[in-house]
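Before any comments, here is the structure.
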Amino acid sequence: MPEGTERSKAQYLLVAHAQQPLTLARGLLREAEEIYYRSRGPQPVATAGKWAFGKDSVVTIPDGEGEDGVTPLRVRTAPYREEVVLSRRRMLRAVGRHVAANARNSWKPGLMGRFFGRLLDLDDRKVTRLRMPAGKVTVVNAPTGVGKSVLLRAAAPLLAQNRAGPVAVVVGQIHESLSNTEHMRETEGELTRHALDEQIRQDDDHVRKTAAEFALAHPTLKVVPLVSGYRLAEQAGRALVQGREQRFEELAYGCDLSTWLTDGEPVRRGAEPCLSLRPADAADDREGPGPAHACPRLGVCGKYALIREAVDADVIVTNHHNLLGGSVPVPVETDKGVLDRISLLEFVMRRYPVLLVDEVDRMQQSWCEMGTDEFTLASRGTHRSSLLVEVDRQREVLDAASDRRLVPVLFKARSLGEQFLNYVLEGDLWLDPAEHDDDDRLNSGWHVPGAWDRWLLDKLLHVDITQPIDPDVYRDFRKIFPDRKKKKRNPPPPRYAHLAALLEKAVSRDESHDALPPVKTQIDRALAKLGVPGHERREITNALLVRAWLGSLRQSLRHLKAVLAGMGRREQMTAGRDLAKALGTFNRNPALPFGPLGYQLIGFKVEKDQHGGGRLSVQALSGDPHTSTVQLGGTIALATAGVERSILALSATAYFPGAAKEHLHTLPAYVMTDATPGSVTARAGNVSETPNGWNPIAIGGQDQASKPARLLDLGARLWTDRLSEHLRYLENHERDRARAMVVSNAYSQAMVLAAGIASVIPDPSWIAVVVKKKNTPPGGVAPPQGVVMITVDQLEDLPFTHPNVKVICAPMRLVARALNILVPGTDRSALASVWVATRPPADLHSPTSMYASIGAAGIAAGRAGPDPARMLADQSRAAHKRLYQLLSASPMLSRLPKFLKIEVLAGILVDMIQLAGRARRGGTPVQLYLVDNAFFATHFGTDYPSLLRAYYDQLTEHQQHHLRRTYGSTLTAWLDLAHSTDQPHLVHVPLPRASAAEYERP
Ligand code: SF4
């Protein structure tokens, strides 16, 4: 600090290094890159001799193998292109050529012509050229079914043929995964794994299918699908069983090591030791098992054939998850040197000057989800090991000097974690106080230390928490807890000193006995002295102890991370690496490791089993998904490949201010307004419990135990009061689209609704219900006789396979995107309406949602300008404010502050617009009905019409303008619902049809 400057007055510290800033930056970068390349060189390669892997397996590698090492993949960085342009004329011509080659595509030129005819740029001019400047994400926002996929499929080969390429096409996922809640409620480990396998398989299939379409339409181009490689061997085996020979050929590979096996277990398919061969002679060595070597066949093995093919492909196709989280697990030579592996993102950014990204808002959402790492910290009776126990086991390989650094932090974290789990399993501590209990919350069960701070401030310090909290008051409050920084210089306020000492004692682990029971009694007494009434002391004691315990645990995990990160490469244990990775040492997004919060957010969760056991897990959230998405062609491309790239990003919902996960923080460069009035209608579809009088059925906000019976009732009434009439009308007027989709929040809800409808429908085979696993109904719900059970990947074929089905019951998150149920032989949607039977849960407290909300609030608060430091400070302030607002917010939707209710609504609206899009393929109109009366119940301020009005009114004029020009009649439909003065209630109850024949065309 310059002399005479008061420290507290300083706002920014600028280092005077007496060098040209840019020269200095270049020098530092060069140095960092040299270190990076030096420390990430390829592994040594196994040569002739005996090599061990797995538990006790040994292979004998023959002479000559591996002597020349493994030839790295040569990945040349494609030169920078200032701008890539797609002209309307060329696009139409390309689509025309496509038609000439295949008459089945004759509808495409008209669709493309209409697409460009209605596409507007930022100045509302018609578009003759799509300009994609390098460094920017060029967003095209257009409704579902107007030609975005056709554009994507025509643009990629055109750009590749015109030497703008090669081109990378990044498609979305087939469907969204269900939430943690769903997994927790409906699945055990086996089913979860199955669901994950299925999801990855379907996503990989989608990539392969898209690539195959490209290859078929453009045989002169080299098109390569870059799939996840996840369980490739298993997928190949399944293809063989299914008799899909071509697919088997694509996927199958042989492992040469199998033929060289001389001892022990054979090589397990899918778990080959490609990078983990160890000298067999050194396996028993006291010095440890020796460094891992790479298989000598790594450079030629069929397992990595696709990535070798991709190096000189004209077009590659991959998906969001693979782009953001995939890697190239073989040695790679870039312009700067040779690395043992690189991320797929780096590979794509180096090789491809232009990326075409479908469903870009979903990609941002995936980026939010992927910033999450989860691992088991402690477990009891669940047959699940904890990473800390694994580190403890593996630390045998460390020398004493390293081990003495590790032992104190490792055992502190272990003892805090394991004892906390014991306390929760025994019911001495709990993470879900009674007053926070509500079935409306997502029940993610995640707890971030500090989540109850506002509640404690209210109860303990009697702070008015409806007003902004004085930072000094909050600072003093935090000094009560043992994880405060610089303890000696930060003593707790004298009034709370005794309480602070007790909390310190609780987590100190110095006692020879279990100190919790006496400490709880002492805290209770201390609270009594502070004037806390007796009926509140139990909950406050628990909240204080949980806050102290988890805060200390989080602190010890950070210390552990620092020790693990400081270990040299030779000292790295696999579990240590995994732990350090899960704790964010190796960030999934090293270019932008933290969002506006500026640090990693850590949360804890306890899951109990029925046998008295359970596990404590940790979730760590990091990265900056919002900035990363809009900077994909800028900062991210520069950080990974050293050169900016052009990105064309397509979506139907990329611009939606307030939707934390989906809204891209940039204006769409091109929009197509849904201008056809009435093409989307959103209406009330609620039904009465009783045929005489109006007593509408609500599901959201009701207690969990009563929901199945209510849903059963709702299903029956929905058919008799609404669907029967609606479908009869469709049978008579638009027969090929006489299908309705009824969506809910879970597989089990879909099945109960199906049972309700089946109880009154003339023919139960008119109902299809989506189940997770083939022919397996969700646990505890018996499938009604005669209904059709299908998995989500069978849905698109439903009009072919089950033409009689009129009602489809499915979980909303599975069908909201990317699903096309078409009238056979056409591009028109076979669905006419969507019925939302249960209000979607208010997902605000799941770690991903919280992180998205915090990041979005931060990014929205700061705009680029002449004072970047101030911008960052504003963003950080807004992110912290949102963090504490979320931590202190009730999990009940009805008790949330209005701005958070609006944020929940914005996310759900995006889902609804996407959902309605399922019935809009080929430009067909769609009717969306809100069935659950929780959508309309006004007494808690959670009714959608008033939230919709509040949402729209709180937008700036600029945002309203852009929302109107982006969504046109879709927005009008929602605003109509918001301002509707009609009583949505049904007064006339039609009689149910008595027989199937009554539904047929007269
Ligand atoms: S690189 Fe190929 S041959 Fe070598 S271990 Fe892996 S799968 Fe087997």
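Going from the sequence shown to this note's numbering is simple: count from 1 and add 6.
All C-beta atoms in this analysis are idealised placements derived from N, C-alpha and C, irrespective of residue type, glycine included.
Relative to the alpha-carbon of residue i, which residue among the options has its alpha-carbon at the smallest distance?
i, options, result
"L1061", "T687, G102, I773 and L550", "Within the shown structure, residues of the chain are numbered from 7 to 1008, placing residue 1061 beyond reach of any answer."
"K228", "G572, R94, A166 and A258", "A166"
"P631", "W461, P596 and M795", "P596"
"A532", "P500, R560 and H519", "P500"
"G75", "P68, T53 and P85", "T53"
"D62", "T646, A286, L222 and R253", "A286"
"H299", "V777, R284, R927 and Y310", "R284"
"A311", "Y259, A912 and L983", "Y259"
"H1028", "I763, A744, S859 and M818", "Outside the displayed span of the chain (7 to 1008) sits residue 1028, for which this structure offers no information."
"E89", "K780, L257, H945 and R135", "R135"
"R823", "V91, L92 and P149", "P149"
"D584", "R924, L906 and T382", "T382"
"A647", "L164, A38 and T340", "T340"
Whole angstroms are fine: how far does the CA of residue j sit from the CA of residue i?
i, j, result
"T633", "A875", "16 Å"
"L570", "E396", "14 Å"
"L622", "A384", "5 Å"
"T844", "R36", "56 Å"
"R955", "R970", "14 Å"
"F942", "W700", "14 Å"
"Y950", "P663", "17 Å"
"I919", "L878", "33 Å"
"R581", "A174", "This sequence places Ala at residue 581; Arg is not what is there. Roughly 35 Å separates the two Cα atoms."
"T782", "F806", "22 Å"
"S657", "T854", "21 Å"
"T832", "G153", "14 Å"
"I471", "K494", "29 Å"
"T77", "V776", "48 Å"
"E9", "P335", "54 Å"
"L304", "M369", "31 Å"
"L603", "Y857", "9 Å"
"Y429", "M898", "26 Å"
"E545", "L627", "28 Å"
"T226", "L889", "53 Å"
"V454", "S900", "22 Å"
"A764", "S391", "45 Å"
"L448", "E613", "No answer about L448 holds up, because its pLDDT of 35 lies below 50 and its placement is not dependable."
"I814", "V143", "37 Å"
Looking at the unbroken beta strand (DSSP E) that takes in residue i, where does it start and where does it end?
i, result
"R386", "T378 to R386"
"M795", "V794 to I796"
"G343", "G343 to L345"
"A688", "V686 to A690"
"V415", "Not the beta strand (DSSP E): V415 falls in the alpha helix (DSSP H), residues A406 to E432."
The alpha helix (DSSP H) that contains residue i, what's its start and end?
i, result
"Q6", "As displayed, the chain neither begins before 7 nor continues past 1008, which places residue 6 out of reach and without an answer."
"N1010", "Coverage of the chain is limited to positions 7 through 1008, which leaves residue 1010 absent and any answer about it impossible."
"F122", "K114 to R124"
"L656", "Premise fails: L656 lies in the beta strand (DSSP E), S652 to S657, not in any alpha helix (DSSP H)."
Regarding residue i and the ligand SF4, is the C-beta to nearest heavy atom distance less than 7 Å?
i, result
"K309", "yes"
"P279", "yes"
"D346", "no"
"D262", "yes"
"L304", "yes"
"C815", "no"
"C374", "no"
Would residue i pass as an interface residue toward chain C - the criterion being a Cβ-Cβ separation below 8 Å?
i, result
"L899", "This model lacks chain C altogether; it includes just one protein chain."
Which runs of the beta strand (DSSP E) fall wholly inside the stretch 470 to 510 and span at least 3 residues, in chain order? none
For a minimum of 4 consecutive residues, which ranges assigned as the alpha helix (DSSP H) are wholly contained in the stretch 887 to 946? 904 to 923
Ranges of the alpha helix (DSSP H) found wholly within the stretch 701 to 787, counting only runs of at least 4: 713 to 723, 730 to 739 and 753 to 764
What are the uninterrupted segments assigned as beta strand (DSSP E) that are 3 or more residues long and contained completely in the stretch 826 to 879, given in chain order? 839 to 842
Alpha helix (DSSP H) runs contained entirely in the stretch 123 to 170, provided each spans 4 or more residues: 154 to 167
In chain order, what are the residue ranges of uninterrupted beta strand (DSSP E) at least 3 long that sit wholly in the stretch 268 to 317? none
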